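The next block holds one structure in the form of C-alpha cells; read it before the comments.
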Amino acid sequence: MKYVEEQLAKNPGISNQELQEGAKKLDRSVGQLSIRQFHAKYPLQVKRRSGGGRKATRKGKATPKGKATRKGKATPKRRTSSGRGRTRRSAAVSTSGGANENVRRIMLQFARELSGADSQVATIEVLSKLDRYVADIVKAAQR
Numbered sequence: 008m009k010y011v012e013e014q015l016a017k018n019p020g021i022s023n024q025e026l027q028e029g030a031k032k033l034d035r036s037v038g039q040l041s042i043r044q045f046h047a048k049y050p051l052q053v054k055r056r057s058g059g060g061r062k063a064t065r066k067g068k069a070t071p072k073g074k075a076t077r078k079g080k081a082t083p084k085r086r087t088s089s090g091r092g093r094t095r096r097s098a099a100v101s102t103s104g105g106a107n108e109n110v111r112r113i114m115l116q117f118a119r120e121l122s123g124a125d126s127q128v129a130t131i132e133v134l135s136k137l138d139r140y141v142a143d144i145v146k147a148a149q150r
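In my numbering, the protein residues as written are 8 to 150.
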C-alpha cells in the first residue's frame with residue numbers, strides 16, 4: 008500500500024498496470040490479482056483516503072454538472088428548493104397553488120404510510136397502492 012501511495016504521489020497519472028508490476032516486485036501475491044482487483048484494493052483506496060476521488064471517466068475527463076458529457080448532451084444541473092431556477096416539470100405542476108398543495112398533500116400521505124410500514128409485507132402493501140396514488144396525483148394536478 009505504501010508503494011502505491013508513493014507512486015501515486017509522484018505520478019498521479021500512472022496506470023494500474025504499471026503500479027501492479029512494481030508492487031509485484033515487493034509482494035508476489037499482488038501478481039495473483041486481476042487489474043480490477045488490484046485497482047480496487049490499492050490505488051482506489053489510496054485515492055479515496057486522500058480525497059482524490061474519481062477524476063476521469065473511461066473515455067475522457069469528468070465534466071462539471073450542466074456541461075457537455077461524452078455523448079455531447081448536457082446534464083441537467085441540480086436545483087435547490089429555494090424557488091430559483093425551477094425545472095420545467097416543477098413549473099408545470101405549480102401552475103395553480105391549489106393543485107400544488109393537493110399534490111403535496113397526497114405525496115405526504117404516501118410518505119407517511121410508507122414510513123409507517125413496520126415490516127416488509129406492510130411496505131409491499133403500501134407500494135401495491137402506488138397506482139392509486141399516481142392517479143390521485145394526476146387528478147390533483149389537473150384541478
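Built from N, CA and C at the ideal position, the CB exists for glycine as well. If you're wondering where the values come from, they're calculated on a predicted model, not measured in any experiment.
#### Entry: Rounded straight-line distance, which links the Cα of residue 12 to that of residue 47
Distance between the alpha carbons of residue 47 and residue 12: 14 Å.
### Message
In this structure, how does DSSP classify residue 114 when only helix, strand and coil are distinguished?
### Response
helix
### Query
Who are the near neighbours of residue 151 in its chain, counting only those whose CB is closer than 8 Å to its CB and skipping five residues on each side?
Nothing can be reported for residue 151, as the shown portion of the chain is limited to 8 through 150.
### Query
Is residue 125 helix, strand or coil by DSSP?
coil
### Presumed contact (8 Å Cβ cut-off) between residue 37 and residue 45, rounded CB distance
About 6 Å; that satisfies the 8 Å criterion.
### Task
Could you pull the start and end residues of the alpha helix (DSSP H) that residue 39 belongs to?
Per DSSP, residue 39 belongs to no alpha helix (DSSP H) and is neither H nor E.
### Task
Return the residue from the list 25, 39, 33 and 32 that minimises the CA-CA distance to residue 50.
25
### Query
Who are the Cβ neighbours of residue 18 in its own chain at under 8 Å, not counting the five residues just before and after it?
none
### Query
Taking DSSP as the reference, what is the three-state secondary structure of residue 17?
helix
### Query
Does DSSP put residue 104 in a helix, a strand or coil?
helix
### Query
Can you tell me whether DSSP reads residue 139 as helix, strand or coil?
Looking at residue 139 - three-state DSSP - the assignment turns out to be helix.
### Query
Does DSSP classify residue 22 as helix, strand or coil?
Residue 22 falls in the coil class under three-state DSSP.
### Query
What is the rounded straight-line gap between the Cα of residue 121 and the Cα of residue 133?
6 Å
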